[in-house]
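K.L.:
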Amino acid sequence: MNSPFSMPRFVPLFVAALGLVARASGEPARGRAPTASADNELTAREKREGWLLLFDGKTLNGWKTSSGTPSRTPIEEEAINPHRSGGYMLVHERLWSDFVLSLDFKISKGCNSGVFVRTFPLAPFPGKDVGWNGLEVAIDDTAPNAGYHDTGALYDLVKPAKNAMRAVGQWNRMVIACRGPVIDVEVNGEAVTHADLGRFTEPYQRPDGSMHKFDRAMKDQPRRGYIGLQDHGSPCWFKNIKLRPLP
């Protein structure tokens, strides 16, 4: 695995989190038949298990730019496109701590985007953009690369084990689980990234001694913040954005 974390530590936590997603998304569990659901809707099972729908497929209710303004980009084919929205990212209005986030995304050719978690505050630090305030799970048209800036990476911090993204124009499923200092990422059913931010104890430095760009020890990253969909100059579409808060 192309990260300082071993697979045995990665699998147990993430499998437990993803089991919730599998059951909630209608996959078979304990002999029950799968349940179908339309885009941007919760199944009855998801509702019972505490999942929340963050995007209804019709409006941008609950979403704003990181600058605090309404998006200039309308809904496109029942999906959110943050490109040219008027801010660095589109953020959901609520703050979240520990959770499992599940969403579908589709990229354009040459796309550079990402999903931000625990972004706080929304006011940029002097001389920087608000992206420095959160943790970005990268989405980029760079397959098959699997480096610090490629799809599934915790941007500039942890590489994915592989680039599991499908071809440009196809829909992908991403699941991000945040539990305390631990961030896990799945792309298209494959567990690709595991990060324990508690091990990032020095500014600019990863646990293995290599350098990253952040001027703070990432163990001090806020544990509560906004979810954001980045506009980095390219169209990227998001739908079926669902979140299950974790205790």
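Residue numbers for the sequence shown, in our numbering: 112 to 358. For each residue, glycine too, the CB sits at the ideal point set by N, CA and C. The structure presented is a predicted model; accordingly, all values stated were derived computationally and were not measured.
(1) Using a 10 Å radius around the Cβ and a threshold of 16 neighbouring Cβ atoms, would you call K350 buried or exposed?
(2) Which partner residues of D215 appear in the DSSP bridge assignment?
(3) Identify the residues that DSSP records as bridge partners of N223: which are they?
(4) Could you pull the start and end residues of the beta strand (DSSP E) that K175 belongs to?
(5) So, at 8 Å on beta carbons, what are the nonlocal neighbours of D326 in its own chain, with the 5 sequence-adjacent residues on each side left out?
(6) As a quick exercise: from S213, F216, G168 and N192, pick the residue whose alpha carbon is nearest that of T176.
(7) So which of A306, A234 and D167 has the shortest CA-CA distance to E247?
(8) Using CA atoms only, rank isn't needed, just tell me which of L308, I287 and E297 is closest to P363.
(9) One question on the structure: do A249 and A264 come within less than 9 Å of each other, judged by their Cβ atoms?
(10) Quick one: measure Cβ to Cβ for K270 and G258, integer angstroms, because I've assumed they're closer than 8 Å.
(11) Pick helix, strand or coil for M329, following the three-state DSSP scheme.
(12) Considering only residues of the same chain and omitting the five flanking positions on each side of F236, which have a CB-CB separation below 8 Å?
(13) So, with DSSP's three-state summary, where would you put E204?
(14) Helix, strand or coil for L308 per DSSP?
(15) Using only alpha-carbon positions, find the residue among C289, H343, P181 and E301 that is nearest to E204.
(16) Taking S345 and G221 to be in contact with their CB atoms under 8 Å, please state how far apart those CB atoms are, rounded to whole angstroms.
(17) Looking at the strands, I want to know which residues DSSP matches up with E297.
(18) Report the three-state DSSP secondary structure of G242 (helix, strand or coil).
(19) Identify the residues that DSSP records as bridge partners of T230: which are they?
P.N.:
In short, the structure shows the following:
(1) Burial is judged here by how many other beta carbons sit within 10 angstroms of a residue's own beta carbon; K350 has at least 16 and is buried.
(2) R284 and K350
(3) D251
(4) W174 to T176
(5) P314 and Y315
(6) N192
(7) A306
(8) Since the first residue shown for the chain is 112 and the last is 358, residue 363 is missing from the structure and cannot be characterised.
(9) In terms of Cβ geometry, A249 and A264 form a close pair [threshold 9 Å].
(10) By a beta-carbon distance limit of 8 Å, K270 contacts G258. Their separation comes to about 6 Å.
(11) helix
(12) In its chain, beyond the 5 residues on either side, W243 and N244 have a beta carbon closer than 8 Å to the beta carbon of F236.
(13) coil
(14) Helix at L308.
(15) P181
(16) Sure, about 6 Å apart at Cβ, within 8 Å.
(17) V286 and A302
(18) helix
(19) Y337
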